[in-house]
Amino acid sequence: MSILVDRNTRLLVQGITGREGEFHTTQMVEYGTQVVAGVTPGGGGKAVAGAPVYNTVHEAVAETGANTSIIFVPAPFAPDAVYEAAANGIELIVCITEGIPALDEVKMYRYVREQGARLLGPNCPGVTTVGEAKVGIIPGNIHIPGPVGLVSRSGTLTYEAVAALTAAQIGQSTVVGIGGDPVPGTSFVDTLRMFEEDAETRGVVLIGEIGGTAEEEAAEYITEMSKPVVGFIAGRTAPPGRRMGHAGAIISGGRGTAEEKVRALEAANVQVATTPAEIADFVDLALAAG
Amino acid sequence: MNLHEYQARELLSQHGVPVPPGEVAASAEQAEAAAACIGGQVVVKAQVHSGGRGKAGGVKLAGGPAEAREAAEQILGTAIRGLPVHQVLVAPAADIRREIYVSFVLDRAEKTVSLIASAEGGVDIEEVAATSPESIVRAHADPLLGFQPWQAREVAFRLGLGGAHVRQFADIAMKLYEVFTENDASLVEVNPLAEVGSGELQALDAKVTLDDNGLFRHRHLAALRDTSQEDPSEVRAAQAGINYVKLDGEIGCMVNGAGLAMATMDMVKLYGGEPANFLDIGGGATAEQVTAALNIILSDPNVKAVLINIFGGIARCDVVAHGIVEALEHVERRVPMVVRLEGTNAEEGRRILENAHLHSAVSLSEVAELAVRLVTGDASAPKELPVSTSEA
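Which chain is which? The protein sequence lines are A and B, in order. Counting along the first sequence from 1, when you hit position 67 you're at 413 in this note's numbering, and nothing is skipped either side. Counting along the second sequence from 1, when you hit position 204 you're at 214 in this note's numbering, and nothing is skipped either side.
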């Protein structure tokens, strides 16, 4: 078990011949991920890191049985790549691309769900099931396998938290980056639900940040969970009304502050850490108590 | 990106929304001429990217051209909430019978574009939401179908409109939705949408915020950016493709990734320091970008120390390390600096720093604590650049 990806994942890389696509394909293959195909329109016939490149997703799926896709396509073309994946039976679409217009994200969210698929991201670092598959850009060497699931709106802050867990000898089951945009394809609640049902996961770390109400919605669901959750919220020092890098990280109209989110999580019996190192301390305590 | 009211009015007008005539003036003389051209009583409004213009004295009523000139003289050149006023809008003073609030927003919770309306227009919608939430009407666009006329009519009836106003409101709402979707907006707000003396509904004020991620397909709108309404160092950063938000503290921060950048600022605060800025250097941090970022951070005279925190994923630590070493030869000002590299190619990165006699801290806590000590003047902290943690 584990969630979203595992050793049976058959990965297709869209935008595989680009600079980032190629670099991270190599990294994913080195991690042990089954990268079965790549797609670059007009790039058919090439190979990257041993994976054959096709012109269309249709062809790639037909030839290789790919069931998961990762997208390294520039923002103006990324929605099209998501639609192509969803229309061709890909079950999980991981969109790394940053800078996609919100109006496209709204459509992507809706269309992918209608096709019965799941979208992770956009503007996310992807997902890694430790020791099985890495579908994203999270450095592979920071993990150790274990019982803790992690879900985050951030990229590099996710790595920071994973590194803190690993330093404390606390292993991870699956690490999920849902992305920092206003309309993510997969929410905290969606991911927590999967972790709750996953036999390998005994506790969860949730890393949120200012803006929106995803943490508050998560807090509501956490009250129904049997597994302990430890939280961390970035942006306690962020000024209101300013977008802090992520398109979704903005305190607007006085809503979406770190304080509100910490309060909501604490009301749901979530211990909220103030430093990445403290995340590991709290997880240790929660697992010992469980 | 925010548009000025006069730019928003023009955009609405292009899409067929009834907007009263108005002229933008950059001088008192122009305001006088505009008032003479419009005739009768006019309103002179500061064009500034800030709410609460009325309360701040940025909106004045004028009986005629001479008074309009006087009003413009009082408003132009002032600052509203720290933002300079370089232009005023001169528009006819309307005979208002009724004020409605209407907007389209990107609704994160509903994951679509939503209409928000209230029969209690003319005041701040957040105030209405707090005092009489029952008066707020919402309708959500289907993401694939778009907002539909029946939804607009239903909202009109729920607002208590009748007769010709129902059709007029629905028509205006559909056009506002078009403004939103065709220009990649994240907010299109008309407050008030007023019933004027003639009985017609008119947009007397307009606010449009554009989605920065959508600007690549609207070059003509991107050109409307008024950089005088932004911090000059933030403008410089944006041109270099760097996310930078200036704050009031003393510790300049350079981080890769927005979440980690926020967490780094929080850590600085936790250790008793104040972050001078938020700065996300982005994915492929090159030497040019690190140099640009350092110079932007150092252009803030309050900065007394710099903290660089890089956790490599897409960004490779070796590239960043090269950038740091190269940047140090080009920075405009020297202050103590602490570096922490972790993740993709981190060891190579640390080796590059070491070869340049720069040693790096190991953890985020360590680097934050060290940065704070540099500023508070702790004797054990290194003073000169480059900084070695082994000395600390």
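For each residue, glycine too, the CB sits at the ideal point set by N, CA and C. Nothing here was measured: the structure is a model prediction, and the numbers come from that model.
Item to check | Touch test, the region 332-343 of chain B against the region 369-376 of chain B, Cβ-Cβ under 8 Å, three pairs minimum | outcome: Taking 8 Å as the limit for Cβ pairs, the verdict is that the region 369-376 of chain B does not touch the region 332-343 of chain B.
Next on the checklist: Quick check on this structure: which residue in A:T547, A:A507, A:G525 has the alpha carbon closest to the alpha carbon of P493 of chain A?
Outcome noted: Taking the first sequence and counting its residues from 1, one reaches residue 493 of chain A at position 147. That would be A:T547, whose Cα lies nearest to the Cα of P493 of chain A.
Checklist entry - Can you list, in chain order, the stretches of the alpha helix (DSSP H) that have 4 or more residues and sit fully within the region 105-142 of chain B? => result 135-141
Item to check | Three-way DSSP call (helix, strand, coil) for H14 of chain B in this model | outcome: For the purposes of this step, residue 14 of chain B is taken as the residue at position 4 of the second sequence. Three-state result, H14 of chain B: coil.
Item to check | Endpoints, beta strand (DSSP E) assigned at I555 of chain A | outcome: Residue mapping note: residue 555 of chain A aligns to position 209 of the first sequence, counting from 1. The identity of residue 555 of chain A in the sequence shown is Glu, whereas the question assumes Ile. Here the beta strand (DSSP E) through E555 of chain A covers 549-555.
Item to check | Contact list for the region 567-587 of chain A against chain B, Cβ threshold 7 Å | outcome: A580, G581, R582, T583, A584, P585
Next on the checklist: Just to confirm before moving on: does the CB-CB distance between T296 of chain B and A378 of chain B stay below 8 Å?
Outcome noted: Start at 1 with the first residue of the second sequence, and residue 296 of chain B comes out as number 286. Start at 1 with the first residue of the second sequence, and residue 378 of chain B comes out as number 368. Cβ atoms of T296 of chain B and A378 of chain B: not closer than 8 Å.
Next on the checklist: Can you give me the C-alpha to C-alpha distance between S196 of chain B and E240 of chain B, rounded to a whole angstrom?
Outcome noted: Your numbering for residue 196 of chain B matches position 186 in the second sequence. Your numbering for residue 240 of chain B matches position 230 in the second sequence. Their Cα atoms are separated by approximately 19 Å.
Checklist entry - Are the beta-carbon atoms of V618 of chain A and F578 of chain A separated by less than 8 Å? => result Sequence index remark: in the first sequence, residue 618 of chain A carries index 272 (1-based). Sequence index remark: in the first sequence, residue 578 of chain A carries index 232 (1-based). For V618 of chain A and F578 of chain A, yes; Cβs fall inside 8 Å.
Item to check | Interface positions of the region 260-275 of chain B facing chain A (Cβ-Cβ less than 7 Å), listed along the chain | outcome: N266, G267, A268, G269, L270, A271, M272, A273, M275
Checklist entry - Counting only beta-carbon atoms, is H489 of chain A nearer than 8 Å to chain B? => result Taking the first residue of the first sequence as 1, we reach residue 489 of chain A at position 143. Interface with chain B (8 Å Cβ-Cβ cutoff): H489 of chain A is excluded.
Checklist entry - If you drop the 5 nearest sequence neighbours on each side, which residues of the same chain put their C-beta closer than 7 Å to that of G525 of chain A? => result Mapped onto the first sequence, residue 525 of chain A falls at position 179. Within the same chain, G525 of chain A has close Cβ partners G467, P468, N469, C470, R499.
Item to check | Cβ separation of S228 of chain B and D194 of chain B, assumed to be a contact under 8 Å, to the nearest whole Å | outcome: Against the second sequence, residue 228 of chain B aligns to sequence position 218. Against the second sequence, residue 194 of chain B aligns to sequence position 184. The residue you asked about is not Ser; residue 228 of chain B is His in the sequence shown. Between H228 of chain B and D194 of chain B a beta carbon distance of about 6 Å is seen, short of the 8 Å cut, so the two are scored as contacting.
Checklist entry - Given that F157 of chain B touches chain A, what residues does it touch there, using C-beta distances under 8 Å? => result By 1-based counting over the second sequence, the position of residue 157 of chain B is 147. Near F157 of chain B there are no residues of chain A at all, since even the closest Cβ is about 12 Å away, more than 8 Å.
Next on the checklist: For a cutoff of 8 Å on Cβ pairs, would you count A565 of chain A as touching chain B?
Outcome noted: Indexing the first sequence from 1 puts residue 565 of chain A at position 219. No - not a single Cβ of chain B is within 8 Å of the one on A565 of chain A.
Checklist entry - Should M264 of chain B and I182 of chain B be called a contact, given that it needs their Cβ atoms to be closer than 8 Å? => result Residue mapping note: residue 264 of chain B aligns to position 254 of the second sequence, counting from 1. Residue mapping note: residue 182 of chain B aligns to position 172 of the second sequence, counting from 1. For M264 of chain B and I182 of chain B, no; Cβs fall outside 8 Å.
Checklist entry - How would you call D134 of chain B, buried or exposed, if buried means at least 16 neighbouring beta carbons within 10 angstroms? => result Counted from its first residue, the second sequence places residue 134 of chain B at position 124. D134 of chain B is exposed by the Cβ-count criterion.
Item to check | Three CB pairs or more closer than 8 Å across the region 582-596 of chain A and the region 521-535 of chain A | outcome: Taking a cut-off of 8 Å on C-beta distances, the region 582-596 of chain A touches the region 521-535 of chain A, as three or more cross pairs fall below it.
Next on the checklist: To the nearest angstrom, how far is the alpha carbon of I306 of chain B from that of T569 of chain A?
Outcome noted: On the second sequence, position 296 is the one that residue 306 of chain B refers to. On the first sequence, position 223 is the one that residue 569 of chain A refers to. Straight-line measurement puts the Cα of T569 of chain A at about 45 Å from the Cα of I306 of chain B.
Checklist entry - Is it buried or exposed for A391 of chain B, if we count other Cβ within 10 angstroms and need 16 for buried? => result The residue you call residue 391 of chain B lines up with position 381 of the second sequence. Any reading at A391 of chain B needs caution, since the residue's pLDDT is 46, under 50, leaving its predicted position unreliable; the model's value is listed next. Burial call: buried.
Item to check | CA-to-CA distance, Y16 of chain B to T88 of chain B, given in whole angstroms | outcome: Translated into the one-based positions of the second sequence, residue 88 of chain B becomes position 78. Translated into the one-based positions of the second sequence, residue 16 of chain B becomes position 6. Their backbone Cα atoms lie some 18 Å apart in a straight line.
Checklist entry - Helix, strand or coil for S572 of chain A per DSSP? => result Residue numbering aside, residue 572 of chain A sits at position 226 when the first sequence is read from its first letter. Three-state result, S572 of chain A: coil.
Next on the checklist: Please report the straight-line C-alpha distance between I490 of chain A and N253 of chain B, rounded to a whole angstrom.
Outcome noted: Working through the first sequence from its first residue, we reach residue 490 of chain A at position 144. Working through the second sequence from its first residue, we reach residue 253 of chain B at position 243. If I take the Cα positions, the gap works out to 32 Å.
Checklist entry - For the region 342-368 of chain B, which residues have a beta carbon sitting closer than 8 Å to at least one beta carbon of chain A? => result E352, G353, T354
Item to check | Under 7 Å (Cβ pairs) to chain B, residues found in the region 504-531 of chain A | outcome: Those residues of the region 504-531 of chain A that come within reach of chain B (Cβ to Cβ, closer than 7 Å) are Y505, E506, A509, G526, P528, V529.
Checklist entry - What residues from chain B crowd round I436 of chain A, counting only those whose CB sits closer than 9 Å? => result What you label residue 436 of chain A is simply residue 90 of the first sequence in a count that begins at 1. Within chain B, no residue comes near I436 of chain A; the closest Cβ sits about 19 Å away, beyond 9 Å.
Item to check | 8 Å contact criterion, which L13 of chain B and V189 of chain B should meet: CB distance rounded | outcome: Residue numbering aside, residue 13 of chain B sits at position 3 when the second sequence is read from its first letter. Residue numbering aside, residue 189 of chain B sits at position 179 when the second sequence is read from its first letter. So it is not a contact: roughly 11 Å between Cβ atoms.
Checklist entry - In chain A, which residues lie with their C-beta within 7 Å of the C-beta of E136 of chain B? => result For the purposes of this step, residue 136 of chain B is taken as residue 126 along the second sequence, with counting starting at 1. Going along chain A in sequence order, the residues near E136 of chain B (Cβ under 7 Å) are G599.
Item to check | Span of the alpha helix (DSSP H), counted from its first residue to its last, around P346 of chain B | outcome: In the second sequence, residue 346 of chain B corresponds to position 336, counting from 1. Run containing P346 of chain B: none; DSSP gives neither H nor E here.
Checklist entry - Can you find a CB in chain A that lies within less than 8 Å of the CB of V69 of chain B? => result Here residue 69 of chain B corresponds to residue number 59 of the second sequence, with the count starting at 1. No, no contact with chain A.
Next on the checklist: Please give the ranges of any alpha helix (DSSP H) in the region 266-293 of chain B, keeping only runs that are unbroken, at least 4 residues long and fully inside the region.
Outcome noted: 268-280
Checklist entry - Are the C-beta atoms of R118 of chain B and some chain A residue less than 8 Å apart? => result Mapped onto the second sequence, residue 118 of chain B falls at position 108. By this cut-off, R118 of chain B is an interface position.
Next on the checklist: For G73 of chain B and G173 of chain B, what's the separation of their Cα atoms in angstroms?
Outcome noted: To locate residue 73 of chain B, count along the second sequence from 1; it is residue 63. To locate residue 173 of chain B, count along the second sequence from 1; it is residue 163. Rounded to the nearest angstrom, the two C-alpha atoms are 34 Å apart.
Item to check | Start and end residues, beta strand (DSSP E) containing T583 of chain A | outcome: For the purposes of this step, residue 583 of chain A is identified with residue 237 of the first sequence, where counting begins at 1. Careful: T583 of chain A lies outside any beta strand (DSSP E) and carries neither H nor E.
Next on the checklist: Using CA atoms only, rank isn't needed, just tell me which of A:A565, A:A421, A:M571 is closest to G224 of chain B.
Outcome noted: By 1-based counting over the second sequence, the position of residue 224 of chain B is 214. Checking every option, the nearest Cα to that of G224 of chain B belongs to A:A421.
Checklist entry - Does the region 28-45 of chain B touch the region 611-630 of chain A, meaning 3 or more C-beta pairs lie closer than 8 Å? => result no
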